[in-house]
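*Asks:* Here it is, the structure in full.
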Amino acid sequence: MSSKVHALRLSIIIPTLNEAQTITALLDDLAPLRRLGHQLILVDGGSKDRTRDLADPGVDQVLSSSPGRAAQMNTGARHAQGDVLWFLHADTRVPEAAAVQLIHACSDGQQWGRFDISLSGSNRLLRMVERMMNLRSRLSGIATGDQGIFVRREVFEAVSGFPPISLMEDIALSKTLRQLTPPACIRHPRLLTSSRRWEQGGIIRTIILMWRLRLAYTLGATPQALAKRYQ
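Numbering of the sequence shown is given in numbering that gives the first Met the number 0, commencing with residue 0 and proceeding in unit increments.
Set out below in structure tokens:
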């Protein structure tokens, strides 16, 4: 692994809720970073499965929080000691070179950023979904949680972290950070994101739902109302 990984210390924050089927694979990806001294924090929102037990050997801290990604990620950030906070979903897979590119971007002066993603499923429609997600993010400067948002700790603290809302916390944070500086858009390597959300809900139906939710949020719908529609 490149010596670039030693330049800045990462605090990698993973919110979980019943992720026993996915968390081990992600922590295996991140184990080399932990051996190099980067900090891994898992924040559980009340799992009823073995998430916490499976994660405990592979992280530096297992914390508890009220459920909701914003609350969980803010809890993790309060315990972070690294220079850069990196927020990862539990069903993400992280290639080795990702941390090198992240640290390279931050070492070059970027304050925050995100990754392009690939989706895990083989359906051709998913290739369209990932292309749309990546292109929309590059054009808008808005990142979603699937894209592994990273931000310098002092910048995250200066904007008071994720807003305490039940949905769209990633969009809201991105809009705030975008006012300070454009994001670093890392195209390669891509993070691999689970396609289970699209496959379980139906790919076309999920695309339509997500676009409707984002439009409603832009037009002023409350995150609480959107969360009910999402669930």
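Virtual Cβ for every residue (Gly too), placed ideally from N, Cα, C.
#1: On the DSSP bridge list, what partners appear for F149?
#2: Taking the Cβ atom as the reference point for each residue, do L101 and F149 lie within a distance shorter than 7 Å?
#3: How many angstroms separate the CA atom of R231 from the CA atom of T143?
#4: For G108, tell me which candidate among P182, A54, L16, D90 has the shortest Cα-Cα distance.
#5: For V58, which of G44, N73, V83, P31 has the nearest alpha-carbon?
#6: What are the partner residues of S63, as DSSP defines its beta bridges?
#7: Does DSSP put G160 in a helix, in a strand, or in coil?
#8: In whole angstroms, what is the alpha-carbon distance linking T74 and S64?
#9: Tell me where the beta strand (DSSP E) around I11 begins and ends.
#10: Any chance the region 84-93 sits against the region 10-30, with 3 or more Cβ pairs inside 8 Å?
#11: Would you mind stating whether V42 and L62 have Cβ atoms separated by less than 7 Å?
#12: In chain order, what are the residue ranges of uninterrupted beta strand (DSSP E) at least 3 long that sit wholly in the region 166-221?
#13: Determine the direct distance from the alpha carbon of P188 to that of S1, and round the result to whole angstroms.
#14: Q38 by DSSP, collapsed to three states: which one?
#15: Compute the Euclidean distance between the alpha carbons of R177 and R33, then round it to the nearest angstrom.
#16: Quick one: grab the DSSP three-state call for S117.
#17: DSSP has T91 in a bridge; who is on the other side?
#18: Closest to L125 by CA distance: which of S159, E168, Q199 is it?
#19: Taking only the alpha-carbon atoms, compute the straight-line gap between R152 and C105 and give it to the nearest angstrom.
#20: Nearest to D145 by alpha carbon, out of R113, C184, T175?
#21: If distances are taken between C-alpha atoms only, which option among M167, A98, R213 comes closest to H37?
#22: State the CB to CB distance for the pair A89 and I13, rounded to an integer number of angstroms; the pair is presumed to be in contact (CB under 8 Å).
#23: Under three-state DSSP, which class holds D48?
*Replies:* If we stick to the structure as given:
#1: Locating residue 149 in the sequence shown gives position 150, counting from the first residue. For F149, which the question treats as bridged, DSSP gives the partners W85, G112.
#2: On the sequence shown, position 102 is the one that residue 101 refers to. On the sequence shown, position 150 is the one that residue 149 refers to. In contact: L101 and F149 (Cβ atoms closer than 7 Å).
#3: The requested residue 231 is not part of the displayed model; the chain covers only 0 to 230.
#4: As a first step, residue 108 must be located in the sequence shown, where it is residue number 109. G108 has its Cα closest to that of P182, out of P182, A54, L16, D90.
#5: The count along the sequence shown starts at 1 and reaches residue 58 at position 59. The option with the nearest alpha carbon to V58 is P31.
#6: Indexing the sequence shown from 1 puts residue 63 at position 64. According to DSSP, which records beta bridges pairwise, S63 is partnered with D43.
#7: For this step, residue 160 is matched to residue 161 along the sequence shown. Coil, per DSSP.
#8: Along the sequence shown, one-based indexing puts residue 74 at 75. Along the sequence shown, one-based indexing puts residue 64 at 65. So the two alpha carbons sit approximately 7 Å from each other.
#9: In the sequence shown, residue 11 corresponds to position 12, counting from 1. Counting along the chain, the beta strand (DSSP E) containing I11 begins and ends at 9-15.
#10: yes
#11: Walking along the sequence shown from the start, residue 42 turns up at place 43. Walking along the sequence shown from the start, residue 62 turns up at place 63. It is a contact, given that the beta carbons lie within the stated cut-off.
#12: 183-192
#13: Here the question's residue 1 lines up with position 2 in the sequence shown. Here the question's residue 188 lines up with position 189 in the sequence shown. In this prediction, S1 has a pLDDT of 49, which is less than 50 and means its spatial position is unreliable; nothing more can be read from the coordinates.
#14: Taking the first residue of the sequence shown as 1, we reach residue 38 at position 39. Strand at Q38.
#15: Along the sequence shown, read from residue 1 onward, the residue named residue 177 stands at position 178. Along the sequence shown, read from residue 1 onward, the residue named residue 33 stands at position 34. Distance between the alpha carbons of R177 and R33 is about 30 Å.
#16: Residue numbering aside, residue 117 sits at position 118 when the sequence shown is read from its first letter. S117: strand per DSSP, three-state reduction.
#17: Counting from 1 along the sequence shown, the entry for residue 91 is found at position 92. Partner(s): T192.
#18: Locating residue 125 in the sequence shown gives position 126, where the first residue counts as 1. Nearest option by C-alpha distance: Q199.
#19: Mapped onto the sequence shown, residue 152 falls at position 153. Mapped onto the sequence shown, residue 105 falls at position 106. Looking at the two C-alpha atoms, the distance is approximately 11 Å.
#20: Against the sequence shown, residue 145 aligns to sequence position 146. Checking every option, the nearest Cα to that of D145 belongs to R113.
#21: Indexing the sequence shown from 1 puts residue 37 at position 38. Taking only the C-alpha atoms, the option nearest H37 is A98.
#22: Taking the first residue of the sequence shown as 1, we reach residue 89 at position 90. Taking the first residue of the sequence shown as 1, we reach residue 13 at position 14. About 6 Å separates the two Cβ atoms, so the contact holds.
#23: Looking up residue 48 in the sequence shown gives position 49. If DSSP states are grouped into helix, strand and coil, D48 belongs with coil.
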